[in-house]
Amino acid sequence: MDPVINNTPAAALYTKTLTHSGMWSGVISRGKTIRLTALEAGANVGLLLYNADVPSERYNLPDTLKGQHIFYLRHPYCLHSDMGRVLASITADTVGWHDTVCGASDAKLVTAKYGDKNYQTARNDYHRNARDAFLIELTKWGLGQRDLVPNLNLFSKVVSDDEGRLTFVPGNSKAGDFIELRFEMDTLVVLNTCQHPLDPDPQYHPRDVRLEVFRTQPPAADDACRRSRPENERAFLNTENYVALRTP
Amino acid sequence: MTTSLLSPANAIYRHVIPAGDPWTYEIKRGQIVRIVDVEGNQAADTLFYDAHDPANRYSASDTIQRQAALYLSTGTKLISTQGDELLTIVADTCGRHDTLGGACSRESNTMRYSLDKEYMHACRDSFICGVHAWRPELGKRDITCNINFFMNVPVTPDGRLTFADGVSAPGYYVELRAERDVVCVLSNCPQLNNPCNAYNPTPIEVLIWK
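Here it is, written out as structure tokens:
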């Protein structure tokens, strides 16, 4: 694994701690970096990204994987849109493996796994699921079911054997682990801290996660993420052309 | 690997899709659709939708999660974004189909191969025409991560994605039973930059039985 490079300044523009399977969405502009920190071991962050101006352009699982010949994400890889561009780059990462393929839990899965705990009985400890959390936040930006696509599960690791059978790997992240995403385009970020859908832990136990946003430097010509693969160099060029045409 | 007892002579529908063309067709609940790799190692990029609710569509991640498996073959249930079973694979002479590799697009070709490949015909343009043939109000938001029938994209235990030699051959087929009324939008892949199809896109045939 490449060394962790921490580019972020000391003072965050914005800080928020997500508790209780918390969810969040916001537009973060090009040139800013989000840091997500696991405050307990075993965290999971379901993440989707959309072009803030034209949200039909969004994080794309196949282009991200086949552009980089990988099945998971870590520094110095990038999160590609479906339009040949980079939405965000992983500029720092203490974890080393983030799941890309397992998607979101839904109400049926959460009830089957953890039992039914509704708001009437549990108040704000009621059981949330990732699919509903994505839909709640997406709807606030005028998006919805048609915009549900395979999401990332940051901090979680799932491996495949030669036959394609998947196994969740416990203990992939510890308290204090973090990942930083530098945005290369103005991006709508939608996330939640529901547990990974294949996490075999029978206990409903969403972990707290801190979210910080920093103003950072644009990528240099020798940027590790840009240079990580020729596909990424071309995707950065496509992104810069797009930004040049849009910028007044 | 499982074969089918169905006879093409009894099919109620039979159609050859030339390379580079889209195909849009409704398959009723209980009907069986067979997709045939006529000349071998051709990618059939395929999307499925609930015929009565286009937002309830095939979901690669829900299908992978439900089965805790990456590859599609006999017995795999194709799961929608709302968690419903759209179709079940009931026969498969190929043995393994991909749902991680997605579809080519003119934009992704510039990223993957070269900026000057932008002019080349690509699946996601065919998908746009294919969904419009069903409902003109649908658009890019409705085009999601697809299945690549007959393609082999192995993942190694250490997490690398590889593009292996084809596991398909002339005449290999996959058969699916519709668990509800579904619309299939298929792009017979025109990709000329990928060795998976020996740089030679060829026809796909579809047959339907009642």
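Top line first, the protein sequences correspond to chains H and E. Heads up: the first sequence begins at 1 in the numbering used here, then just goes up one per residue. Heads up: the second sequence begins at 249 in the numbering used here, then just goes up one per residue. Ideal Cβ positions, reconstructed from N, Cα and C, are used throughout, including at glycine. As the structure is a computational prediction, the values presented were derived from the model and not from experiment.
(message) Could you tell me the alpha carbon to alpha carbon distance between H:H205 and H:A122, rounded to whole angstroms?
(response) For the purposes of this step, residue 205 of chain H is taken as the residue at position 205 of the first sequence. For the purposes of this step, residue 122 of chain H is taken as the residue at position 122 of the first sequence. C-alpha separation (whole angstroms): 14 Å.
(request) Taking E:D247 as the query, report the chain H residues whose CB atoms sit under 7 Å from its CB, ordered along the chain. (result) With chain E covering 249 to 458 only, the question about residue 247 of chain E has no answer from this structure.
(message) Given this structure, state the Cα-to-Cα distance separating H:H127 from H:D63, to the nearest angstrom.
(response) Here residue 127 of chain H refers to the residue found at position 127 of the first sequence. Here residue 63 of chain H refers to the residue found at position 63 of the first sequence. Between H:H127 and H:D63, the C-alpha separation is close to 33 Å.
(request) May I ask which residues mark the beginning and end of the beta strand (DSSP E) holding H:V158? (result) Position 158 of the first sequence holds residue 158 of chain H. Per DSSP, H:V158 belongs to the beta strand (DSSP E) from V158 to S160.
(request) Can you pull the chain E residues whose beta carbon is under 8 Å from the beta carbon of H:E231, in chain order? (result) If you number the first sequence from 1, residue 231 of chain H lands on position 231. Correct list: M359 and R360.
(message) Please state the DSSP three-state secondary structure of E:P388.
(response) If you number the second sequence from 1, residue 388 of chain E lands on position 140. First, the amino acid is wrong: residue 388 of chain E is Lys here, not Pro. Note: E:K388 maps to helix in three-state DSSP.
(request) Using three-state DSSP, classify E:P270 as helix, strand or coil. (result) Position 22 of the second sequence holds residue 270 of chain E. In the structure shown, E:P270 sits in a strand (DSSP, three-state: E or B).
(request) Taking E:R408 as the query, report the chain H residues whose CB atoms sit under 9 Å from its CB, ordered along the chain. (result) By one-based count along the second sequence, residue 408 of chain E stands at place 160. Chain H residues near E:R408: H69, I70 and F71.
(message) Using only the alpha-carbon positions, how far apart do E:N258 and E:K458 sit?
(response) In the second sequence, counting from the first residue as 1, residue 258 of chain E sits at position 10. In the second sequence, counting from the first residue as 1, residue 458 of chain E sits at position 210. Looking at the two C-alpha atoms, the distance is approximately 9 Å.
(request) Indicate whether the contact test is met: 3 or more Cβ pairs, each with one atom in the region 221–237 of chain H and one in the region 73–87 of chain H, closer than 8 Å. (result) yes
(message) Please return the same chain residues whose Cβ sits closer than 6 Å to the Cβ of E:E190, not counting the five positions on each side in sequence.
(response) Within the shown structure, residues of chain E are numbered from 249 to 458, placing residue 190 of chain E beyond reach of any answer.
(request) Could you tell me whether any Cβ in chain E is nearer than 9 Å to the Cβ of H:R246? (result) Here residue 246 of chain H refers to the residue found at position 246 of the first sequence. No, because no Cβ of chain E sits closer than 9 Å to the Cβ of H:R246.
(message) Assuming E:P302 is part of the beta strand (DSSP E), what are its boundary residues?
(response) Here residue 302 of chain E is taken as the residue at index 54 of the second sequence, counted from 1. D301 to R305 is the extent of the beta strand (DSSP E) around E:P302.
(message) Between H:A10, H:S29 and H:R35, which has its C-alpha nearest H:V209's C-alpha?
(response) Residue 209 of chain H sits at position 209 when you count from the first residue of the first sequence. Of the candidates H:A10, H:S29 and H:R35, the one whose C-alpha sits nearest the C-alpha of H:V209 is H:R35.
(request) Alpha carbon to alpha carbon, how far is H:P170 from H:L65? Give it in angstroms, no decimals. (result) Locating residue 65 of chain H in the first sequence gives position 65, where the first residue counts as 1. Locating residue 170 of chain H in the first sequence gives position 170, where the first residue counts as 1. About 23 Å.
(message) Using beta carbons (cut-off 9 Å, strictly below), is H:C102 in contact with chain E?
(response) Taking the first sequence and counting its residues from 1, the one referred to as residue 102 of chain H is at position 102. By this cut-off, H:C102 is an interface position.
(request) Grab me the residues of E:L348's own chain with a C-beta within less than 6 Å of its C-beta, minus the 5 sequence neighbours each way, in chain order. (result) For this step, residue 348 of chain E is matched to residue 100 along the second sequence. Contacts found: V401.
(request) Could you give the DSSP three-state label for H:A277: helix, strand or coil? (result) Lying before the first or after the last residue shown, residue 277 of chain H is absent from chain H, which here runs from 1 to 248.
(request) Specify, as a first and last residue, the run of the alpha helix (DSSP H) that H:Y242 falls within. (result) Numbered from 1 along the first sequence, position 242 holds the residue referred to as residue 242 of chain H. Element bounds for H:Y242: P230 to R246.
(request) Would you check whether the ligand FMN has a heavy atom nearer than 8 Å to the C-beta of H:L211? (result) Among the components of this structure there are no ligands whatsoever, and the ligand FMN is therefore not found.
(request) Taking H:W24 as part of the beta strand (DSSP E), name the residues at either end of that continuous run. (result) Numbered from 1 along the first sequence, position 24 holds the residue referred to as residue 24 of chain H. From DSSP, the beta strand (DSSP E) with H:W24 extends over M23 to I28.
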